[in-house]
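Line by line, the protein sequences give chains U and V. Take the position in the first sequence, starting the count at 1, then add 20; the result is the number in the numbering used here. Take the position in the second sequence, starting the count at 1, then add 20; the result is the number in the numbering used here. Every residue, glycine too, gets a C-beta built ideally from N, C-alpha and C. Structure, as structure tokens:
There are 2 protein chains.
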Amino acid sequence: MDDIFNRQQSIVIADVQVDGRTVDIFVTEDGIIGAIGEGVRNDHRGDADLIIDGNGAVALPGLVNTHTHAAMSLLRGYADDMILQDWLSQKIWPLEAHLTKGDIYWGTKLACLEMIRTGTVAFNDMYFMMEEACRAVDEAGIRATLSYGFIDLFSAEKREAECRATENLVRHIRSLNNPRITAAVGPHAIYTVSPDGLKWCAEYAAEEKIGIHIHLSETEKEVTDCVAQHGKRPAPYLDDCGILTPRTIAAHCCWLDEAECTLLGKRGVSPSHNPSSNMKLATNRAMPYHWLAAAGANPCLGTDGCASNNNLDMFEEAKTAALLQKFFWNNPTLLPAPEALTMASKNGAKALGLSTGRLCIGAPADLILVSTNVPCNTPLHNTASNLVYSCSGSAVETTICNGAILMLEREIPGEAEILAQAAEAARDLVKRAQAA
Amino acid sequence: MDDIFNRQQSIVIADVQVDGRTVDIFVTEDGIIGAIGEGVRNDHRGDADLIIDGNGAVALPGLVNTHTHAAMSLLRGYADDMILQDWLSQKIWPLEAHLTKGDIYWGTKLACLEMIRTGTVAFNDMYFMMEEACRAVDEAGIRATLSYGFIDLFSAEKREAECRATENLVRHIRSLNNPRITAAVGPHAIYTVSPDGLKWCAEYAAEEKIGIHIHLSETEKEVTDCVAQHGKRPAPYLDDCGILTPRTIAAHCCWLDEAECTLLGKRGVSPSHNPSSNMKLATNRAMPYHWLAAAGANPCLGTDGCASNNNLDMFEEAKTAALLQKFFWNNPTLLPAPEALTMASKNGAKALGLSTGRLCIGAPADLILVSTNVPCNTPLHNTASNLVYSCSGSAVETTICNGAILMLEREIPGEAEILAQAAEAARDLVKRAQAA
């Protein structure tokens, strides 16, 4: 049975619901959606390598997580309920100092496993030792845009090292020639990267025609410090450095004012909303989704790393986003369920420059099947509402990326080994840190 | 295999984690925890009717949902993303007007199924045609405190009818003589029940020595209207009516001021936090958990009905509570994971006057097993943190209530029929409402 997983083959997916209609889907050997409609199973019964019984499941484009630090899955639950600065300086950084290549590999494997299980087929990651993340993503079968977290701490010497590390990762990813893995530049944030570092990142990304992944306006302190130092708020400051482009994903964006939202819209930036992380760390303000959407920006959704969420479930994140927008901006009609789903799929795909995020003929077969034979999807008055407000990622039963089956009826080959190895890596990491 | 479900029998649960230790648990034929510790499996191997392999799962007291309208599961996803008043008057009330006894039965069956699946063993419900809810709870095997939603709309005639309906339900529940089902009085809220109605409820509940289930300070309007009408805020007004007692569960409590929290503490009230519902309906303020806890009230947790959440997953609700408290009150150390778990279990049990909510010898065997062989529980640095921030109810694999097995390794007998019947009831309900 394992030989049907993670390979190219033509597939008929029979009896699924797409936009309220019961249809079949044909996936070509090249991993493209070849047909959607009634009777497709009969047209392709002869030439399909495999037939999957959808059993009335809802078929959706696979979700796209636009802000993660995947390997931090090893730090899940290591420290919580603390003040941000204490949490970082007393817990997270001391542990991160002991991370090995093996940890990055197993942490990213665990993250990919969790994403596949909860219906995510692509993610936008920023961390370090990213060659190990490449290996994990390659094996897992999902898509990723990977960036080295560029942190020069305003030192010219360190900046040179960060530039070389960035170039090396981009070169490495190009050499893999894996259509599922792309490179981005990852200037961490305005408070960790010098203006020269930011400008270099912007120019290098433009030359290489690759994305930019940055944290923006997560806390109020970031804004007040920026105004004090540069005489302007973070978004116009980043714009001066050339960072705001249609290839840019800006995570958090909690403290943007209306003019900054207009600027992000004008530049075609994709702001990644990370509501669970923002709530847990008490950022005290929610990303102004309505201003960003009205300004023509491309609001998308991300979970952040497992140290500050603490999971990678994009269904849960879509619910939290829809609830937080309503609550913070005091309007129960804000971010209705269909828009929250769009953030988690189509907008995320657009942010990463992927032609996925929708179910239509000719699109890559990045799709998931969500069970309807579960309490959270019963009754089924409104699909979008159930998916966002009622179901979690646990309702996903099948995940397909680039035409390859990664999970079928909740089975993922190799899961037990990944869980065991990741758990062991995490235990060893804590031991090393405590011994130091 | 089905004959091991929903019956009294002695059970050894081998290899589970309790408070960080690996132990076995012995459940007596009477549904009581008879032993917890290492080697218990050997002591009781001879006299146990059944041995369950816990396989390293975390054993927890079953969760207690202190505010639901269970039968509203049939309305899940029927209407969302609307202004409260439009949502009620255009969508919810017109549909509720067509609910039949069969709908209440299948809606409550569906709710119980979802609760069992997500680790909840007891709930506090307010709705109507509650004799049907009794039947559903009796069959499902979980515990419930059931109240008739007393709404007199300030009419003396209607008040008489509501008093009789309340008395009838209490009499009916007494006649069932089911230790898992208890009655409460359910004055809906200060804006739907007259002062005389509230006083009658308080006196009747005291006479009968049963609980009171009421909505309190959900919206700011409730507070301003109350002050305008009665010259005082809702909590002191309810206190004048005798409603605030150690047997009282007050749902929502979003807009309590500090003096009201002190009053609730003094009276020993259990405020039920319902964060998902509050966020979705944009109440614009979060229950002041820290004031209530400091005042000695018994803060507990509830999901509210499926029309405004839209699920009954208490693990998800515990996470939302922990995140919302931090975010709204702007302090990342508020409501840490262990306290959120306590709200969802021990405090909930106390609110309902149950001797459950803890795992110790002599307590009723209301317990759940949460898998550790899943990504959300890997690694396991901190159990409480994983349970609250990472796992949803989908990580629950076994649910035991009053010593009876309700779910074993995710299998619940009769699930398919309940899903099918509830879905059909919901479809018919919408048809009837549309035809009217």
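Between the Cα of residue i and those of the options, spot the shortest distance and give me the residue it belongs to.
i: Gln29/U; options: Ile112/U, Gly54/U and Asp39/U; result: Gly54/U
i: Arg287/V; options: Ile263/V, Asn294/V and Pro295/V; result: Ile263/V
i: Asp123/V; options: Asp39/V, Arg194/V and Leu95/V; result: Leu95/V
i: Lys300/V; options: Gly127/U, Gln454/U, Thr353/U and Phe335/U; result: Thr353/U
i: Ser290/U; options: Ser328/U, Tyr125/U, Ala306/U and Thr265/U; result: Thr265/U
i: His272/U; options: His235/U, Tyr257/U, Cys281/U and Ile171/U; result: His235/U
i: Met135/U; options: Ile432/U, Ala279/U and Asp448/U; result: Ile432/U
i: Ser296/U; options: Ala306/V, Lys339/V, Cys320/V and Asn331/V; result: Lys339/V
i: Met149/U; options: Lys346/U, Val243/U and Lys121/U; result: Lys121/U
i: Gly161/V; options: Leu133/V, Ala371/V and Asp100/V; result: Leu133/V
i: Glu278/V; options: Ala302/V, Arg267/V, His250/V and Gly316/V; result: Gly316/V
i: Asp260/V; options: Asp245/V, Leu344/V, Arg267/V and Leu283/V; result: Leu283/V
Assuming contact is defined by CB atoms lying nearer than 7 Å, are residue i and residue j in contact in what I supplied?
i: Thr86/U; j: Ser405/U; result: no
i: Leu108/U; j: Ile388/U; result: no
i: Asp158/U; j: Ala90/U; result: no
i: Glu223/V; j: Trp275/V; result: no
i: Ala455/V; j: His118/V; result: no
i: Asn304/U; j: Asn304/V; result: no
i: Ala77/V; j: Val32/V; result: no
i: Ala463/U; j: Val190/U; result: Beyond the ends of chain U as shown, which are 21 and 456, falls residue 463/U; an answer cannot be given.
i: Arg194/V; j: Arg163/V; result: no
i: Ala385/V; j: Val84/V; result: no
i: Leu130/V; j: Ser167/V; result: no
i: Gly74/U; j: Val36/U; result: yes
i: His233/V; j: Ile210/V; result: no
i: Val394/V; j: Ala424/V; result: no
Quickly, what does DSSP pair residue i with across the bridge? List them, please.
i: Met146/U; result: Ser167/U
i: Leu387/U; result: Pro81/U and Ile420/U
i: Pro207/U; result: Phe170/U
i: Ile201/V; result: Ala164/V
i: Cys320/V; result: Ser292/V
i: Val47/V; result: Ile31/V and Ile53/V
i: Gly231/U; result: Ala204/U
i: Glu431/V; result: Leu428/V
Would a check of beta-carbon distances place residue i closer than 7 Å to chain U?
i: Cys274/V; result: no
i: Arg191/V; result: no
i: Asn5/V; result: Nothing can be reported for residue 5/V: it is not among the residues displayed for chain V, which extend from 21 to 456.
i: His87/V; result: no
i: Pro433/V; result: no
i: Leu439/V; result: yes
Are the C-beta atoms of residue i and some chain V residue less than 7 Å apart?
i: Leu407/U; result: no
i: Leu301/U; result: yes
i: Ile103/U; result: yes
i: Leu133/U; result: yes
i: Thr353/U; result: yes
i: Ser391/U; result: no
i: Asn402/U; result: yes
So which residues of chain V does residue i contact, with C-beta pairs closer than 9 Å?
i: Ala442/U; result: Pro395, Thr398 and Pro399
i: Ala176/U; result: Within 9 Å Cβ-Cβ: nothing; Ala176/U doesn't reach chain V, min ~35 Å.
i: Ala222/U; result: In chain order: nothing, as chain V lies at least about 32 Å away.
i: Glu152/U; result: The premise fails here: Glu152/U is roughly 18 Å from chain V at the closest Cβ pair, so nothing lies under 9 Å.
i: Glu336/U; result: Glu336, Lys339 and Ser412
Given that residue i touches chain V, what residues does it touch there, using C-beta distances under 7 Å?
i: Arg137/U; result: Pro395
i: Ser296/U; result: Leu343
Counting only Cβ pairs nearer than 7 Å, list the residues of chain U close to residue i.
i: Lys521/V; result: Since the displayed chain V opens at 21 and closes at 456, residue 521/V lies outside it and no answer follows.
i: Ser410/V; result: Arg96, Gly97, Asn330 and Asn331
i: Ser414/V; result: Ser412 and Ser414
What does residue i reach in chain V if we use C-beta pairs closer than 8 Å?
i: Pro308/U; result: Near Pro308/U there are no residues of chain V at all, since even the closest Cβ is about 15 Å away, more than 8 Å.
i: Ala341/U; result: Within chain V, no residue comes near Ala341/U; the closest Cβ sits about 11 Å away, beyond 8 Å.
i: Asn350/U; result: Ala302 and Asn304
i: Glu116/U; result: The premise fails here: Glu116/U is roughly 14 Å from chain V at the closest Cβ pair, so nothing lies under 8 Å.
i: Glu49/U; result: Within chain V, no residue comes near Glu49/U; the closest Cβ sits about 31 Å away, beyond 8 Å.
Using a cut-off of 8 Å between C-beta atoms, extract the partners of residue i located in chain U.
i: Arg447/V; result: Pro399
i: Asp100/V; result: Pro356, Ala357, Asn402, Ser405 and Tyr409
In chain U, which residues lie with their C-beta within 9 Å of the C-beta of residue i?
i: Leu173/V; result: The contacting residues do not exist; Leu173/V stays about 24 Å from chain U at best.
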